[in-house]
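A.B. asks: For the sequence shown, the numbering used here gives the first residue as 1429, with consecutive numbering after it. So that we are looking at the same thing, I have put the structure below in structure tokens.
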Amino acid sequence: MSPSIGSRLSSLAMVSAVALALAACTDGNARTDAKASENEPRAVRVETVVFKPQMRERSFVGTVRPRIESDLGFRVAGKISDRLVQQGQ
């Protein structure tokens, strides 16, 4: 055998031995303990949901005025007889 093949085989043997040693370290009852704990009820924290408005209602006193005013001119002279809107609409 050449040195490179021998070193590869010894590395493979070492890795296999470590893997077997780690596999032997596991507890066989760990799986049954996990299954038993799955059936037990878990403790949870419960909280009642309550609506709380985040914004406080505010009111302000003031006058609303337009930023820009335009003078309107009409082509037809006369008076307005009916206004089909109510104040505030």
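Note that beta-carbon positions come from the ideal geometry of N, C-alpha and C, so glycine has one too.
For Arg-1511, which three-state DSSP category applies?
C.D. replies: Locating residue 1511 in the sequence shown gives position 83, counting from the first residue. If DSSP states are grouped into helix, strand and coil, Arg-1511 belongs with coil.
A.B. asks: Could you tell me the alpha carbon to alpha carbon distance between Leu-1437 and Ser-1444, rounded to whole angstroms?
C.D. replies: On the sequence shown, position 9 is the one that residue 1437 refers to. On the sequence shown, position 16 is the one that residue 1444 refers to. Rounded to the nearest angstrom, the two C-alpha atoms are 10 Å apart.
A.B. asks: Where does Ile-1433 sit, in a helix, a strand or coil, going by DSSP?
C.D. replies: Within the sequence shown, residue 1433 is the residue found at index 5, counting from 1. Residue state, collapsed to three classes: helix.
A.B. asks: Let me know the secondary structure DSSP gives Ser-1498 once reduced to three states.
C.D. replies: Position 70 of the sequence shown holds residue 1498. Correct three-state label for Ser-1498: coil.
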